[in-house]
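One structure is given below, encoded as structure tokens.
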Amino acid sequence: MRAILFGGGLSLLISLLGTRYAIRFFTRQGFGQPIRDDGPTTHHVKRGTPTMGGAVIILATVVGYFAAKLITGQAPTASALLLLFLLVGIGAVGFLDDFLKVSRQHNLGLRSRAKMIGQTVVGLVFAYLALSPVLEDERGWRPASDHLSFIRDYEGFALPTVAAILLIWLIVTGASNAVNLADGLDGLAAGASILVFAAYTLVNIWQNSQSCALEAGPKCYEVRDPLDLAVVAAAITGACFGFLWWNASPAQIMMGDTGSLALGGAMAGFAIMTRTELLLVVIGGLFVAITLSVMIQVSVFKLSRASGLVRSVFKIQAGHRVFRMTPLHHHFEMLGWEQVTIVIRFWIVTGLAVATGLGIFYAEWVAGVG
0 MRAILFGGGL
10 SLLISLLGTR
20 YAIRFFTRQG
30 FGQPIRDDGP
40 TTHHVKRGTP
50 TMGGAVIILA
60 TVVGYFAAKL
70 ITGQAPTASA
80 LLLLFLLVGI
90 GAVGFLDDFL
100 KVSRQHNLGL
110 RSRAKMIGQT
120 VVGLVFAYLA
130 LSPVLEDERG
140 WRPASDHLSF
150 IRDYEGFALP
160 TVAAILLIWL
170 IVTGASNAVN
180 LADGLDGLAA
190 GASILVFAAY
200 TLVNIWQNSQ
210 SCALEAGPKC
220 YEVRDPLDLA
230 VVAAAITGAC
240 FGFLWWNASP
250 AQIMMGDTGS
260 LALGGAMAGF
270 AIMTRTELLL
280 VVIGGLFVAI
290 TLSVMIQVSV
300 FKLSRASGLV
310 RSVFKIQAGH
320 RVFRMTPLHH
330 HFEMLGWEQV
340 TIVIRFWIVT
350 GLAVATGLGI
360 FYAEWVAGVG
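Using numbering that gives the first Met the number 0, the letters of the sequence shown correspond one by one to residues 0 to 369.
In structure tokens, the structure reads:
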């Protein structure tokens, strides 16, 4: 437990101080954020704000974790190292995207295909290692399993290895892109991420106390290294807190794709390693809603242009848009909501989603032992 406190506290301190330095450094280097001309006009004042601040979140997390392990005299575990690999690997893809944007001073960085290739390579390597027998502990538990999971693995059906790897890839790419879409207003993605990673800190602590390795009863959890995963979750939470101090409206720095892709990948990693894959849909409900808004907007727009039947059935015009602008937070901007109002209300939605997810998680355990 001391490692959790050290990891969270040190990463908070590193992020808080490091982000201040990063603002000065990126400003001197001219690493300012390009702004879409077709986006909300209120965003034009953000042009030139330092970006790639997510690099500080990643650095603070990694240093905070290893410092906590050094202070407590504990060795890093395979699960934690894999999670950090996923965080850094997906973050590196985002960093390359951000660097191309600021160097070209254009809102387009990596092409979508190139970005997907990068995410795929990192996701597949993570999946292969997480399912590899090489990383089994003395009980035969691996960092990830070949079962689909909600609160725990569904034991009735084991996925073929290829299918399990593809499922992990889908979760990693989906979650990383979802957080990336949510990173559009000052403090939105950072604040919502704090709540999600705090939830996974609690989930891992509980799974450790009720681990099957401790013979904790019929509803114990067969999760490898849950306490060390809690250290990583606490470190990411602390890093996001420190970054939010400077990212809150009006933002002095943006996390960029470096941070948003990395945080989304880490969320996926926690869902996979804690055997709560489908529960991530609940805990990360805000990110799911924002992603769905984009999918609905694009689908309806294309169908209304391509199909006269669709237009006649739903009585819509060609090129119909469900929302005024997507992702979802931009829709509310176009309705006249202040950015701070949107961010705070979206944080509230995230808090409700996290509370619901944790409630389901605990209720399942209570029902099983009652």
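Heads up, the beta-carbon is just placed ideally off N, CA and C, and yes, glycines get one too.
From a predicted model like this one, the values you see are computed outputs, not experimental measurements.
Within 7 Å, strictly: CB atoms of H319 and S298: no
For M333, the first and last residue of its enclosing alpha helix (DSSP H): L327 to M333
Rounded straight-line distance, which links the Cα of L291 to that of G29: 35 Å
Those residues which DSSP pairs with S148 across a bridge: D152
With 16 other Cβ atoms within 10 Å as the buried cut-off, status of E135: By the neighbour-count definition (other C-beta atoms within 10 Å, threshold 16), E135 is an exposed residue.
Cβ contact check for the segment 238-257 and the segment 49-58: 3 or more pairs under 8 Å: yes
Residue of I170, G90, M115 and V124 minimising C-alpha distance to E276: I170
Proximity to Y220 [Cα-Cα], best of A181, R274, G237 and L201: R274
Straight-line gap, R112 to A21 (C-alpha atoms, nearest Å): 30 Å
Integer Cβ distance of L387 from A174, believed to fall under 8 Å: Any question about residue 387 goes unanswered here, given that the chain covers just 0 to 369.
Beta-bridge partners of S210, as assigned by DSSP: Y220
Test item: CB-CB of I272 and P159 under 7 Å: Per the sequence shown, residue 272 should be read as Met rather than Ile. No.
Supposed close pair A233, I70 - CB separation, criterion 8 Å: Contact flag wrong, Cβ pair sits at about 14 Å.
Residue from P326, V62 and G190 with nearest C-alpha to G6: V62
Between the CA atoms of R223 and R151 - distance to the nearest angstrom: The straight-line gap separating the alpha-carbon atoms of R151 and R223 is approximately 13 Å.
Neighbourhood of G237 by C-beta, 6 Å cutoff - its chain only, sequence neighbours within 5 removed: G7, S10 and L11
Nearest-angstrom Cα separation, counted from A189 out to M324: Their Cα atoms are separated by approximately 22 Å.
Residue interval of the alpha helix (DSSP H) (run including I56): G53 to T71
For P249, the three-state DSSP class (helix, strand or coil): In the structure shown, P249 sits in coil (DSSP, three-state: anything other than H, G, I, E or B).
Close Cβ partners of F196 (< 6 Å) along its chain, the five nearest in sequence each way excluded: Closer than 6 Å at the Cβ level, and outside the excluded window around F196, lie A232, I235 and T236.
For G155, the nearest candidate out of W346, H146, V101 and V161 (CA to CA): H146
Enclosing alpha helix (DSSP H) for F98 [first to last residue]: A77 to R103
Inter-stretch contact at 8 Å, needing at least 3 Cβ pairs: the segment 72-86 / the segment 244-251: no
Endpoints, the alpha helix (DSSP H) within which M266 is located: Note, M266: alpha helix (DSSP H), G255 to M272.
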